[in-house]
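Right, one structure below, let's go through it.
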Amino acid sequence: MSKNTLFNYFTKTPPAAKKAEPTVTPDSSVKCNGKLNGTPVSSKKGRPEKKVPEVSHDDEEDQLTDHEEEELASPVKKRRRILMVDSDDSDDEYKPGKKDLEASESEELSEHESPSSEEPSEDEEVSTPKRKRRPDRKQNAKKPRNGFGKPNGHTPTTRSIIVTTPPPSKASPPSTPASTETKSKLALFAAKQTLNEKAVTTPEVGEDGKTWSHLTYKFLQPNHIMDANRRRPDHLEYNPRTLYVPEDFKRNLTPAMRQWWEIKSHHFDCVLFFKVGKFYELYHMDAVVGVNELNISFMRGEFAHSGFPEIAYSRFAPLLVEKGYQVARVEQTETPNLMEERCKTISRPTKFDRVVKRELCQITTKGTRTFNVADGDACGVAGSHFLLSLTEKSVGAGATYYGVCFVDTTIGSFYIGQFEDDRHCSRLRTLMARYPPVQILYERGALSPKTQLLLSSPSCPVPPGLQSSLFPGTEFWDASKTLKALMDGNYFISEKNDSKITSGPDYWPPAIRSLISEDDTLGLTPRNDSELAIQCLGGLTWYLQRCCIDQQLFSMRTFQVYTPVDLKSDNSEEEETYKFGSFMVLDGITIENLDLLSDSDCSLVSRLNHCCTAFGQRLLRQWVSAPLCEIKSIKLRQQAIEWLLAPQGQKIAKEAKEKLAGLPDLERMLSAIHSQGNEAKSKTHPDSRAIFYEDKIYSKRKINDFLATLGGFKTLANVAEIFEGEDCMSKLLLKLTHTKETSPLGMFPDLKPVLKFFDEAFNHDVAKQEGRIIPIHGVDAEYDAALEDIAEVQEKVNEHLKEQREIFKCKVTYFGTERKRYQIEVPDSACKYATDDHCLQSQRKGFKRYYTSEGKELLEQMMSAEDRKAAALRDLSRRIFAQFSKHNIKWAAAVECIATLDVLMSLAEHTRSQEGETCLPEFFQPSSKRKPFISIQDGRHPCILLQGGFIPNDIHIGPPSDGDAAEDKTLILVTGPNMGGKSTLMRLAGLITIMAQMGCHVPATSCQLTPADRIFTRLGANDRIGEGESTFCVEMSETASILRHATPHSLVLVDELGRGTATYDGTAIAAAVVRELASMGCRTLFSTHYHSLVTEFGKSAGVALGHMACMVETDDIDEDNEEGGDEGQERVTFLYKFTPGACPKSYGFHVARLAGIPKSVISSALKAAREMETKANAKKLIRALCSLSVSDSHFKDNLSQALECS
């Protein structure tokens, strides 16, 4: 009989009925024809199989006790176990093949009879015990139950298949095949689309065509479904995250299946990975999801059931999460022995008590992914994954305030803030563009209709399935409740002068402390301008608690106050009349229109990305989305890149890049190690109680990751050392690569002492092999104390043996192991010297063994010391990780310095890789004498690579660097043919400005400019149907933002404003906007096809004319040609050169012909255009004549009549 392990806890002996059918398995040595390797198989070795007669039902069964119900099982079946050889350490998923499934002749399972939970740990025969009978009544044929109610089934460690044959039943008639009509009705139960709108390909039916049982439950039907509080979906407070499961339904379930439904009822929106022995099992609707999305197979039975080994979690969980599902990992947190001990404390334990405990250990979503050994590198790419918490409050006169709190759970960085926004949600859009969220939480009932439209529109980066509304008060906490919960949770406990800080102002991270009222000494009252921000932190706290990752993230204390980039700071050290903010403002519209951060190959961040590290790539995205405005900071970057482009710098940069290549993501590693070393988490988190059967593998992974992190920081230190001793190095590189000891300006931390400590603290090779850390003396006080106690006791043991040799006057030795140690083995000839203190324990030929009272006492002391040593070793890895995390300030500083160095080397590499000429932009400080300007000579688009080469262009806006006021033209009216390159020219100007203020070289022969505080774009034609805005409405909204926020230092790019409405309306609006922008004095490129604007503003002060040049050839018109040929049409050759002056026409018919419009249509339109043009010219002529001073009033009247007739 196999031992009572966790694998076979729910396993009972299956009833034997009839011989199992032959089964073919991959193992040729195993046969299922009633013989194993040619030997008949019996229920117990050496005994013939016994037949057990059938039993009938008896109503008196209800009077049996719970214990008797377990013993009065169904008739014993014979069982054949076919072992699928599978290493416990294998990462390969077990998938039963078609033959395996056919061979598994398991019984039909109902909802109350699901597969067993535990599995035997040994591959041995299981004997068939005799069933106990009560003599005073008939035996009931009630089926036995285990954790999941499958009749005595189990899932062995090696994922063996149990071949059983159910006993014949007189009451069960043979099943009949379903009719075509029935099958068509069952097809209506097909699964709905998944969150990513991918249709389910596998129908929710069993192998025999029957409907899965969960589709038949009344409480799951759309017209009966309710949440846990029995509210219907049409109720205002309906909670889709929960499910009402009737109590009478749960009473009829098996214990483990009841556990599953109870957890599912509170996490109905999650896919449960339910730990059963060594496997994660999926049931009912979750199993259907697993089969459809993970390509695993259903197991046999009437209800949906699938699963995979524990070791495959890191492969399957990220697949579901990436598709938008929420994965809840449920672990066993109790062994059978602990369960038995628990039941002994209960006066009358029920069958629901006699099941190992299971607890939800983590919920993983797109916004709550972490970097740990179980999940693997679940985040995949180097980009950030932000979880955003949002609320809103309207305050009179249309003013709207937003509270935000967002976190990247892979790193543990929190941002919290509150700000006022306009009616177009400009600042909120900018936030979501710079820090794109993958999941959004918002307070139910708090968002205005415009914000709800924004979140539901296609422009929102988060699909509706990953947006969760939280109930105010209970889930989205108010500010006071949030601060109290954070205080009571002891999340921010820190150490100062060897004492723990658990309260007071120093308890809070600086960012949160700045949001708390100074009048409240307890720190439980927010400031008036921070209440919404703290509320968002409360909603985020509740959700992180629900996902069981709150402790590991909050304890890192990495919080920053979020301030919109357009709110200028006064910390500039520049001597200037205009105070810039620290960074250029790029709103969400500009980021999208200029394609700055997208994953496409043509985005700016993709072109500039030559980074070697993941944390360098994340920093590059921040640089692109927020270029600098302070000239001193820009010049520091320029000097660093110039040095890296020099021959000596190139050599050192190449060596540094080789060392950084292949470096792990140290920023995420720091978060993972902190989580693994967190003391509070190790005591309270369900994972600390979970039973992991691959724990040895996970321990090795933890050690390997830790050693890889140590190796990574050694590499960072080595990279910094490469730059030491170099002459003429820029100040920025000096700060990034030198320590305080080597340079007064150095900011790189001295890592050598800390790294040396961890290098010598334990044997790294042994730790890799054994998956545990054994420290040297002086590293861990607990372990050292245990070793000292063991050595002290061992010395006493040796001394005790010497005393015994003196007593017996001969050589005596110790005998025994473990708890039988320190018995004195004495020859028979010396036994006469034994005293009353010697207690005889055993003997062998010629020897007797004695215990002494002192020996027993020494044994107890030794075992106590060994237990303390074992306990210290069990928790030693965590304590080493915690000791590593104490230096997180140093580690984070090193990562930040090398990330900045990596980005600088990336920008230098980008400059070296350019085929055309590049230059270092020259910046001028704006003042009362020097107006804002930009001058680009031979500029090229940095993201467009053409085989024939890009035609460079010059752009000059505003007075030149010499300050000549005569050329003070801040707005250029750009005309030219369709497809002539106007939009490309404007994007070129915007991208070169961004690159220049990043400190990077730009693709031009010369570039001079004053810093731009903001870039506005009104490019392309887009609507926002989801937000109820037409194309023209979007144009007007973007234009309104420009007119409201632009300053004389802004760069404005407007493309074809007014084309979405009537010609006169559009022309008038465009003219008014041009007039307003010209009066503002901001640098503007305004392209248009309204040539009346050229006439109106051609000679206006502050407005210059420019056009994209082209060469036009016109065919002669053949009036007799009725077939609509090309005669009379212009043939346009685009020169793509920006030249002064205006273009007379837009040549739209050329583009129409290129687009494939039929020739007859083009010819007809061309004639109509010429007629309209003739009339328009006539009107102009008549107006001109009317404006002349003519004395003949009769002549002027005739002209007026002619004008009216035309």
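First residue of the sequence shown: 2, per the working numbering; consecutive thereafter. C-beta atoms are modelled at their ideal positions from N, C-alpha and C, and glycine is treated no differently.
{"Item": "Test item: CB-CB of GLN536 and LYS682 under 7 Å", "Value": "no"}
{"Item": "Rounded C-alpha distance that separates GLY856 from LYS870", "Value": "21 Å"}
{"Item": "Unbroken beta strand (DSSP E) run spanning PRO438, endpoints", "Value": "438–444"}
{"Item": "Short Cβ contact (7 Å threshold) for HIS1090 with SER1147", "Value": "yes"}
{"Item": "Complete alpha helix (DSSP H) runs within the segment 941–1007 (minimum length 4 residues, chain order)", "Value": "983–999"}
{"Item": "Beta-carbon proximity list for ILE952, same chain, < 7 Å, skipping 5 on both sides", "Value": "TYR1137, LYS1138"}
{"Item": "Beta carbon of PHE387 nearer than 7 Å to that of PHE372", "Value": "no"}
{"Item": "Best match in GLY726, ILE945, VAL246 for proximity to PHE269 [C-alpha to C-alpha]", "Value": "VAL246"}
{"Item": "Whole-Å CB distance - PRO1049 paired with PRO933, under 8 Å assumed", "Value": "6 Å"}
{"Item": "Three-state secondary structure assigned by DSSP to ALA1082", "Value": "Sequence inspection shows Gly at residue 1082; the Ala mentioned does not correspond to that position. In the structure shown, GLY1082 sits in coil (DSSP, three-state: anything other than H, G, I, E or B)."}
{"Item": "GLN844 versus ARG806 - alpha carbon distance", "Value": "18 Å"}
{"Item": "Within 7 Å, strictly: CB atoms of GLY404 and ALA486", "Value": "no"}
{"Item": "Buried versus exposed, by CB contacts within 10 Å (16 or more), ASP600", "Value": "exposed"}
{"Item": "When GLU867, ARG528, ASP287, ARG231 are compared against HIS215, the one with the closest alpha-carbon", "Value": "ASP287"}
{"Item": "Cβ-based neighbour list, THR1006, same chain, cut-off 7 Å, excluding 5 preceding and 5 following", "Value": "GLU918, CYS920, GLN938, ASP939"}
{"Item": "Burial state of ASN679 (16 or more Cβ within 10 Å)", "Value": "buried"}
{"Item": "Three-state secondary structure assigned by DSSP to HIS306", "Value": "strand"}
{"Item": "Buried versus exposed call for ASP781 [16 or more other C-beta atoms within 10 Å across all chains shown]", "Value": "buried"}
{"Item": "GLU294 to LEU429 span [Cα, whole Å]", "Value": "34 Å"}
{"Item": "For LEU661, the nearest candidate out of GLU476, HIS675, HIS765, ALA900 (CA to CA)", "Value": "ALA900"}
{"Item": "Alpha-carbon spacing of HIS1002 relative to ASN610, whole angstroms", "Value": "14 Å"}
{"Item": "Euclidean distance between Cα positions of ALA172 and MET300", "Value": "In this predicted model, ALA172 has a pLDDT of only 39, less than 50, meaning its place in the structure is not dependable; the value taken from the coordinates is given anyway. Cα to Cα, the separation comes out at about 26 Å."}
{"Item": "Residue range of the unbroken beta strand (DSSP E) whose run includes LYS501", "Value": "500–502"}
{"Item": "Option in ILE1070, LEU1078, SER1042 with minimal Cα separation from LYS970", "Value": "LEU1078"}
{"Item": "Where the beta strand (DSSP E) containing SER634 begins and where it ends", "Value": "Premise fails: SER634 lies in the alpha helix (DSSP H), 632–646, not in any beta strand (DSSP E)."}
{"Item": "Neighbour-count burial assignment, VAL290, 16 or more Cβ in a 10 Å radius", "Value": "buried"}
{"Item": "Residue range of the alpha helix (DSSP H) that includes ILE1016", "Value": "Run containing ILE1016: none in the alpha helix (DSSP H); it sits in the beta strand (DSSP E), 1015–1019."}
{"Item": "Assumed close pair LEU432, SER390 - CB separation to whole angstroms, cut-off 8 Å", "Value": "Not really, about 12 Å apart at Cβ, beyond 8 Å."}
{"Item": "Range covered by the alpha helix (DSSP H) that runs through PHE714", "Value": "696–723"}
{"Item": "Nearest candidate by alpha-carbon position, reference SER481, set CYS1144, LYS1176, ASN529, CYS612", "Value": "ASN529"}
{"Item": "Residue(s) in a DSSP beta bridge with LYS497", "Value": "SER500"}
{"Item": "Proximity of HIS739 and MET557 at Cβ, strictly below 7 Å", "Value": "no"}
{"Item": "Residue from ALA718, LEU746, ILE825 with nearest C-alpha to SER731", "Value": "LEU746"}
{"Item": "Contact between the segment 233–242 and the segment 296–311 (3+ Cβ pairs under 8 Å)", "Value": "no"}
{"Item": "Burial state of LEU523 (16 or more Cβ within 10 Å)", "Value": "exposed"}
{"Item": "Exposure label - ASP868; buried when at least 16 CB within 10 Å", "Value": "exposed"}
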